[in-house]
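Using numbering that gives the first Met the number 0, you'd call the opening residue of the sequence shown number 0 and step up by one each time.
Beta carbons: idealized from backbone N, C-alpha and C, even for Gly.
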Amino acid sequence: MHNDFDFAGLEYSAKAAVFRLRWTKSLGDWVAADAPETIELVCVSPSCLIIRHGDGAFASPSTLEFAGYLHAEDQDVMDGYLERDEVAGPYHLIFVFQGGLAIKLAAESISVTAGQVPT
Numbered sequence: 000m001h002n003d004f005d006f007a008g009l010e011y012s013a014k015a016a017v018f019r020l021r022w023t024k025s026l027g028d029w030v031a032a033d034a035p036e037t038i039e040l041v042c043v044s045p046s047c048l049i050i051r052h053g054d055g056a057f058a059s060p061s062t063l064e065f066a067g068y069l070h071a072e073d074q075d076v077m078d079g080y081l082e083r084d085e086v087a088g089p090y091h092l093i094f095v096f097q098g099g100l101a102i103k104l105a106a107e108s109i110s111v112t113a114g115q116v117p118t
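Encoded structure:
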């Protein structure tokens, strides 16, 4: 996702208890032709949702710097991560974008959907 998709935005509905993150396919010629047009992460009933922006660059956090996991006790850590093979137990997802935007979350359920490539 780092180079192939641009962050398109986030949406939170308190009434529905749903948090969404969206990405759209980058226009670069390095992106596979059969890559999906969109990717959406849907979090239902978030139990943790922390959003931090950095140094005034919040307006254009289009490139994902890293995504990973952090232990649930690490509430204040917003600049590091563990790889999937290092995770066992209750961990939160963390997404950090170039420019400093960081999103940490945990939810009752999390699903990922990919938009179809037009044929």
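{"Item": "With contact counted as at least three CB pairs below 8 Å, one residue from each stretch, are the segment 6-19 and the segment 79-91 in contact?", "Value": "no"}
{"Item": "Measuring alpha carbon to alpha carbon, tell me which of Ala34, His91, Glu107 ends up nearest Val17.", "Value": "Glu107"}
{"Item": "Taking the continuous beta strand (DSSP E) assigned at Arg83, which residues delimit it?", "Value": "Here Arg83 belongs to no beta strand (DSSP E), and DSSP marks it neither H nor E."}
{"Item": "Give me whichever residues DSSP pairs with Trp29 in a beta bridge.", "Value": "Paired residue(s): none; Trp29 is not in a bridge."}
{"Item": "Where Lys103 and Phe65 are concerned, what is the direct C-alpha to C-alpha distance, given to the nearest angstrom?", "Value": "12 Å"}
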